[in-house]
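Written out below as structure tokens is the structure these notes cover.
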Amino acid sequence: MKTTVMNPVKAFTLVALGLAIAAMGIYVADADDAPGAAVIGMLLMVVGVVLGVKAARNRLPVWAGRTAIAVGVVVAAFAAFLTHHVVVTAPLFPQSQKVPSVVASAPPPQYAEAVERARELVRSAVFEQNLPGMSVAVGIGLPSVALAKEGTVVWAEGFGWRDVVTRAQVTPDTRFNIGTAASAVTAASAPLGLKNTGADAAKEWSPEAIGEEGEDFPPLTILRHVIWQPLGLIPMEYPLPGERATFYVPRSDDNPRRGRQLMYMRDLACCAKGMAFYSTPSDLVRFALATNPGSVNGELAGGMVMSLMTGRDNGIVIAVTSNMAHANTSSLALRVGDAFAEQMR
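In terms of numbering that gives the first Met the number 0, the sequence shown has 185 at position 186, counting the first letter as 1, and numbering is strictly consecutive.
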């Protein structure tokens with residue numbers, strides 16, 4: 000008699016746990032920014048299947064099965080919420096010194112000390128704001144078209160990741176969306192020969208049409224990410240081709256430290272005619288040296304993503320870009336400029 004009573008109870012528990020674990024496996028496999036998520040998700044789903052098989056061997060009343068399903072779904076949803084919160088708010092880099100970087104070429108010896116100080120400033124900014132990536136370029140010279148065409152960039156370096164999931168690194172050639180700064184910059188790109196400045200259709204920057212009608216229904220997205228793409232049946236969306244940076248927005252308020260999510264396509268096309276305007280810090284520096292525009296900031300989704308500053312007295316030009324809205328690029332540009340100005344005194 001005791002066994003007859005315990006079997007339904009045991010089966011009920013196994014079904015609930017199996018559903019919860021299997022659902023969590025699917026979620027974890029599809030979660031952003033989770034190292035080894037696919038492997039963890041697969042293991043969780045296997046455990047869920049095993050528990051389900053064990054439950055099937057027991058005689059389970061209909062009411063108990065339905066209740067177990069409901070309980071499993073609730074548990075899975077709650078666990079998914081907690082897991083996602085931890086995943087997207089976890090530090091992307093363990094410490095500032097661990098932020099990877101790629102430099103274009105060794106800076107001139109006379110600026111080596113300033114570059115080292117500036118490099119520390121950028122790494123600290125990426126770590127403290129929990130930004131995916133940043134790119135910086137510095138130019139020094141008199142504003143003239145000739146100098147700009149010859150190239151007066153003394154330092155260009157990319158920091159962090161242009162795509163969080165694939166951990167593709169930011170390089171000096173990584174293209175960042177410059178948002179509202181497009182009107183000031185793109186008109187000069189052709190005459191100055193700025194090859195990494197221009198405009199693309201927004202879909203090139205948001206292949207999954209995040210937040211738009213073309214976005215896939217969530218179950219189809221999960222199938223694509225968990226099954227079809229790992230099997231090679233469908234090509235991966237990220238990292239974006241053409242050295243494009245994947246763009247993110249804070250999940251709440253305007254604080255990148257509270258987590259991130261992919262930026263909506265409508266935010267990428269904020270400027271005109273459904274186009275996303277892009278540039279690299281090196282091109283922005285060449286533009287400033289040629290035109291002397293003063294300070295220019297670019298915003299996307301209501302937050303800053305790039306800053307271009309020109310020192311009127313010393314001819315120092317600093318360009319800072321990020322692939323996270325609400326990055327404090329203007330403050331970092333000022334500090335980088337100060338580091339170079341101190342060495343030039």
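For glycine and all other residues, C-beta sits at the position ideal for the given N, C-alpha and C.
Ranked by Cα distance from G310, the first of A332, N296, C270 is A332.
Across the structure, T173 and M264 are spaced so that their CA atoms are roughly 19 Å apart.
For S281, the enclosing alpha helix (DSSP H) stretches over residues 280–290. Just measuring C-alpha positions, the residue of G302, A244, S281, S188 sitting nearest C269 is G302.
Contact annotation, A155 with P255: C-beta distance approximately 23 Å; criterion of less than 8 Å not satisfied.
Between N176 and A275 the beta-carbon gap is near 5 Å, inside 8 Å, which marks them as a contact. Between A201 and M262, the gap from beta carbon to beta carbon reaches 8 Å or more.
Beta-carbon to beta-carbon, E207 and D215 are separated by about 7 Å, close enough to satisfy the 8 Å threshold. Here D266 really is in contact with V248; their C-beta atoms are around 7 Å apart, less than 8 Å. Between the region 282–296 and the region 316–332, the count of Cβ pairs shorter than 8 Å is three or higher; the stretches touch.
Non-local C-beta neighbours of A287 in its own chain, meaning closer than 6 Å and more than five positions away in sequence, comprise L307, T309, V316, ordered along the chain. A distance of 8 Å or more separates the beta carbons of S278 and V164. Just so you know, the alpha carbons of S321 and A340 end up roughly 23 Å apart. Q96 and A186 have their C-alpha atoms some 38 Å from each other. The continuous beta strand (DSSP E) containing E156 extends over residues 152–162. With a beta-carbon spacing of about 5 Å, V135 and V319 fall inside the 8 Å limit used to define contacts.
Per the coordinates, the alpha-carbon of V284 lies some 7 Å from the alpha-carbon of V152. Here DSSP, grouped into helix, strand and coil, assigns Y277 to strand.
Per the DSSP secondary-structure output, I139 pairs in a beta bridge with I315. When only Cα atoms are considered, V225 and P240 end up about 21 Å apart. L120 is positioned such that its CB atom lies closer than 8 Å to that of A338.
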